[in-house]
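Asker: Mind looking over this structure? Questions follow.
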Amino acid sequence: MLFVVDERILAGHISDIHDDGFSIITTEDFSQMESRIIETLFLGALDEQRFIENLRIARVRHADVSDSWSLTVFIGDKARLGEFHQLLEAARGDRTQTVDPSVDRARLPRIEPAKHYTQEAVDTRLDWLRRTTGAELQNIDTHAFRIESLAGNVENFVGAVQVPLGIAGPIRVNGLYAKGPVAIPMATTEGALVASLNRGAVALNRCGGVTVHVRRQRMVRAPVFFCRDIHAAINLERWLLAHIPEIRTRATSVSSIAKLVDLQTFIFGRTCHVQFVYETGDASGQNMTTSCTAFACEWIREQVAGDPYMGVESFMIEGNMSGDKKVSFQNVLLGRGVGVVAEAWVSDEVLGEVLHVDAMSLARNFQASEFGAMQIGMMGHNANCANVIAGIFTATGQDIASVHESSLGILKLFPERGGIQLSLLLPSLVIGTVGGGTRLPTQRECLQIMGCAGQGQLYKFAEIIAAACLALDLSTLCAILSNEFVSAHEKLGRSRGSQRITRGELGVGFLRGVADRAQTGGLELRAATEVPLDSNAGIVNQLVSSRGGGVFGLFRYDVEVERGGARERMGAMLKLKSPHAEVGRLASGIVRLTGDDQLPGLFDQNFDVFGFARSDVRELEFYRHAPLAMRPWLPEVWGTRHDPAREVFAVLLEDLSACSHLNTVDHPEAWTDDNLRVVLRDLAKLAAATMERPEALWPGLIESKRPEDFERATPLFAALLEYQQRRAPDVFSGPWMRALEAFIANIRARMEALGAVTQCVSHNDFNTRNLALRPAATGGGLVVYDWELACVQPPLHDAMEFLIFALPPQSNAQALLGWLERYRAEHIALNRPMLAPGASESDWISLVHNTAVELTVNRMNLYWLLQNVKHFSFLRRVTANLRQIVEATHDAHP
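Mind the numbering: the sequence shown is residues 1 to 894 in the numbering used here, read in order.
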């Protein structure tokens, strides 16, 4: 398609058509073209003379990933809109699908995680599909979904498949929870299905309806522990059965809904299978129970790790004994999900008038089909439950993959009282009325049709499904008998090969490739021997490495160097940083373990607000270009290496093992008052070194926290706070919560206030994991490492983070505020005050309060999320100290 703007002839294609216009996708530059006029738009071949003139461009949107532009064209006049549609249809009549050979068909467009659930990403994927397949795709992107809310439901979102929705019934349900006539929404493409259910409903309604009763609800997750031998497995089984109360406490601490009601063990060789049986409220609970069970299993492994009689080597979260999405005798006998029974009686008169059969013939035919089911080994026996369950599941956002296990039904019928008596058992309905797909707009509306949306509606939903299944089974059996049946139916891991470095490559040759600065200074590496290190990784590196994605962390070496012809030995530390994209994937996976429906999408969309974007390159560039004024408090850097092809982000540093206070995050007793004074003194000097134009030092890498980013992330911060409150109500409660909520509600203004005071280059992760004190013989001063999260912000941030980590739990905020005042005095003594001249005490309190709350919202939130997969013994102490500061300054905060 060609079109003319400002006398320029441009190319593009129509991407979608809406009620008052259409959109054009083009690679032409439209950065200054909003509100322009398309002078002429040609549809089809130029020689066909199909064109329309004078169309207004209402909106222009750029897709960074595909570097294309989407133009929304508005046609307000109905006559002109009709003219456009006529021309379009004529052009389609002589057009065949074309494929763009320049586009790689073998790979989806790469989209960074933060933009995965945006309209820009959707447009990029649709454009790729159109260009690689030739398909026009005019209807797929028509939907009612909020794209950012879909992370828990689908990946690589491009649109929606619309399944026709019909209403069956109403059917009269006589249950404890569902009472009276209920209309049944059925999403299906199979003709005659809704009509058949209607016919069964009519017959049942004329005879009083369907009586239903829910038997129980349970959800099973079945991990397996791998032990040293069979004796160890038996010992583990005994331990598990003796500690069920503690296991129950751990498992249910992850969720406010799930309840562990039973635990069964099974030994096979050196493996111990464990069935965790839960009740999960109104949720189907499959993701929820996975998170609960994983947390409990980690706790079990920690508890028995030192016991030689257990010999637990590892565990797997699912050993295939849960029956998840499987047809099994266990699901028939014990059930999984909701178990429900239904019963009804239909008179011979109604059978004849509505269904055109009689009771005796129906019973005889049913017995024949029962024999057929037994002959082929069918589990259960029913006529057509799967059709009802698939239709209702699709309409209401249930897990479609659970249709076959949910459709396990046992139907019995026999002649009685001048009619037919029917009974149906559905032992394994895996359903929910909250969470998952039930929160999508159209699916939720379908639940609302039945009065089953939200909390407290699960059993009602189960009763309605059972009644509908009985109605369709009755109708189908009768249709087969009367030969009307035939006439009525005249329908997340990464698998690419890795080029990352291996542990075997980390020798002297690799170190030489990193030590560029040392070589420039006349230092030549001759030999290197790795020396054991107590802890070779930080939190993120350790978790990324555990995913099997490469070698990351800290590695200590005893190196032999030559300088001016003389040789000497010294220590060196190699740091291999995790790629920031891998960190993003890891964080996204951790958030999904929460089982929360909204958090994953919000987190992926706003991940950059936490400062991890380009963190891999940031630390390398920081060390490369650190000003001389900062270097007294930095480790000596021998060199850096960045190899994008192999995802190498390496720094070679001096060995700091002679320093004191290394990694004292769990040892606040190590920090004396004199130590605290040294850190605050040197930190003030370090901050003062960059207080003049800090953003100019590393442009594009070390920047200010943008208020607009925090404002955009408001829904994420609110959802995180709500999750933490559910997860740890004893911690996230009281005045502290009100202060956090107030900050989030006015987050842009608060971040602007923080940005208005004096700024510096801030470490932004300044805790007792990332700093130490040099030996007294060399001055005993501060040394700070791990600068990957550095940013520009008020100097107070680093001092506050240090104090809450370094101090033991405080009964009040007096000591904490006193140390912050001391830090303030250090800046004044350096003639580098943190507040402008004339600032009031109220301004200081506001700075302290806003810094503390931002530190909670933007940093402590991440620690508490990580707590789901890695226990931090320091977290409650640190959080309590921070809470003291927030609450002490909340009332005084203007």
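Even for Gly, the Cβ is constructed at its ideal location relative to N, Cα and C.
Relative to the C-alpha of Glu89, which residue among Thr118, Asn54 and Leu43 is closest?
Answerer: Of the candidates Thr118, Asn54 and Leu43, the one whose C-alpha sits nearest the C-alpha of Glu89 is Leu43.
Asker: Measure the C-alpha to C-alpha separation of Gln398 and Asp765 and round it to an integer number of angstroms.
Answerer: Taking the straight line joining both Cα atoms gives about 42 Å.
Asker: Assign Met751 to buried or exposed, taking buried as 16 or more other Cβ atoms, counted over all protein chains shown, within 10 Å of its Cβ.
Answerer: Classification for Met751: buried.
Asker: Which residues in the same chain as Trp299 place their Cβ atom closer than 6 Å to its Cβ, once the five residues preceding and following it in sequence are excluded?
Answerer: Only Arg250 meet the Cβ criterion.
Asker: Who are the Cβ neighbours of Ala528 in its own chain at under 6 Å, not counting the five residues just before and after it?
Answerer: Taken in chain order, the residues that qualify are Val508, Leu511, Tyr557 and Val559.
Asker: If we ignore side chains and look at the alpha-carbon of each, how far apart do Pro795 and Phe393 end up?
Answerer: Those two C-alpha atoms are separated by around 55 Å.
Asker: Specify the secondary structure class of His404 as computed by DSSP and reduced to three states.
Answerer: In this structure, His404 counts as helix in the three-state DSSP scheme.
Asker: Going by C-alpha distance, which of His827, Leu574, Asp843 and Phe603 is nearest Asn858?
Answerer: For Asn858, the nearest C-alpha among the options comes from Phe603.
Asker: If contacts are defined as beta-carbon pairs under 8 Å, then Asp127 and Asp16 qualify, I think. What distance do you get, rounded to the angstrom?
Answerer: Actually they do not touch by this definition, with Cβ atoms about 11 Å apart.
Asker: For the beta strand (DSSP E) holding Leu523, just list the boundary residues, first then last.
Answerer: From DSSP, the beta strand (DSSP E) with Leu523 extends over Leu523 to Val531.
Asker: Does Leu620 pass the burial test, meaning 16 or more other C-beta atoms within 10 Å, or should it be called exposed?
Answerer: Under this definition Leu620 is a buried residue.
Asker: As an exercise, report each continuous beta strand (DSSP E) stretch of at least 3 residues that is fully enclosed by the stretch 586-647, in chain order.
Answerer: The qualifying runs are 637-643.
Asker: Are the beta-carbon atoms of Arg774 and Asn663 separated by less than 7 Å?
Answerer: Not a contact, by the Cβ cut-off of 7 Å.
Asker: Need the endpoints of the alpha helix (DSSP H) that Phe717 sits in, please.
Answerer: From DSSP, the alpha helix (DSSP H) with Phe717 extends over Thr714 to Arg727.
Asker: Quick test of your reading: Tyr723 and Leu599, contact by CB under 8 Å. State the CB separation rounded to the nearest angstrom.
Answerer: Indeed they touch by this definition, with Cβ atoms about 6 Å apart.
Asker: For Gln162, count neighbouring Cβ atoms within 10 angstroms of its own Cβ and tell me buried if that reaches 16, exposed if not.
Answerer: With fewer than 16 Cβ atoms within 10 Å of its Cβ, Gln162 is classed as exposed.
Asker: Identify whether Arg512 lies in helix, strand or coil by the three-state DSSP scheme.
Answerer: The answer is helix: DSSP assigns Arg512 an H, G or I state.
Asker: Starting from Ala11, follow its DSSP beta bridges and name the residues at the other end.
Answerer: Paired residue(s): Leu2.
Asker: Excluding sequence positions up to five away, which residues of its chain have a Cβ less than 8 Å from the Cβ of Ile230?
Answerer: For Ile230, where only same-chain residues beyond five positions count, the Cβ hits under 8 Å are Ile267, Gly269 and Arg270.
Asker: Using a Cβ-Cβ cut-off of 6 Å (strictly less than) and excluding sequence neighbours within five positions of Pro809, which residues of its own chain qualify?
Answerer: For Pro809, where only same-chain residues beyond five positions count, the Cβ hits under 6 Å are Arg877 and Ala880.
Asker: Please state whether the Cβ-Cβ distance between Gly180 and Ala201 is less than 7 Å.
Answerer: Cβ atoms of Gly180 and Ala201: not closer than 7 Å.
Asker: With a threshold of 8 Å on Cβ separation, who are the neighbours of Cys207 within its own chain once the five nearest residues in sequence on each side are excluded?
Answerer: Result list for Cys207: Ala344, Trp345, Val346, Ser347, Val350 and Gly419, in chain order.
Asker: Taking C-alpha atoms, which residue in Cys446, Arg444 and Val430 lies nearest to Ala466?
Answerer: The candidate whose alpha carbon is nearest that of Ala466 is Val430.
Asker: Return the Cβ separation of Phe366 and Leu477 in integer angstroms, given the expectation that the two are a contact with Cβ distance under 8 Å.
Answerer: 6 Å between Cβ atoms; contact.
Asker: Counting along the chain, where does the alpha helix (DSSP H) carrying Val332 start and finish?
Answerer: Note, Val332: alpha helix (DSSP H), Phe329 to Leu333.
Asker: Using C-beta distances below 7 Å, list every residue in its chain close to Leu882, excluding the 5 sequence neighbours before and after it, in chain order.
Answerer: The answer, listed in chain order, is Ile804, Ala852, Leu855, Thr856 and Met860.
Asker: DSSP three-state call for Phe22: helix, strand or coil?
Answerer: If DSSP states are grouped into helix, strand and coil, Phe22 belongs with the strands.
Asker: On the three-state DSSP scale, how would you describe Asp262?
Answerer: In this structure, Asp262 counts as strand in the three-state DSSP scheme.
Asker: Of the choices Leu683, Ala739, Gly564 and Ala888, whose alpha-carbon is the least far from that of Ala772?
Answerer: Measuring from the Cα of Ala772, the nearest candidate turns out to be Leu683.
Asker: Could you pull out every residue in the same chain whose Cβ sits closer than 8 Å to the Cβ of Phe329, ignoring the five residues on either side in sequence?
Answerer: The answer, listed in chain order, is Met379.
Asker: Express the C-alpha separation of Ile480 and Cys469 in angstroms, rounding to a whole number.
Answerer: So the two alpha carbons sit approximately 16 Å from each other.
Asker: Would you grab the beta carbon distance between Val434 and Ala283 for me? Rounded to a whole angstrom, and I think it's under 8 Å.
Answerer: Contact holds; Cβ gap of about 5 Å.
Asker: Give the straight-line distance between the Cα atoms of Trp638 and Tyr623, rounded to the nearest whole angstrom.
Answerer: Looking at the two C-alpha atoms, the distance is approximately 10 Å.
Asker: Determine the closest residue to Ala670 out of Met737, Gly611 and Ala806, with distance taken between C-alpha atoms.
Answerer: Of the listed residues, the one whose Cα sits closest to Ala670 is Ala806.
Asker: For Pro441, which of helix, strand or coil comes out of DSSP?
Answerer: Here Pro441 sits in helix by DSSP.
Asker: Below 7 Å CB to CB, which residues in the same chain sit around Arg562 once its five sequence neighbours on both sides are set aside?
Answerer: It should be pointed out that residue 562 corresponds to Glu in this sequence rather than to Arg. Here the set comprises Glu524 and Arg526.
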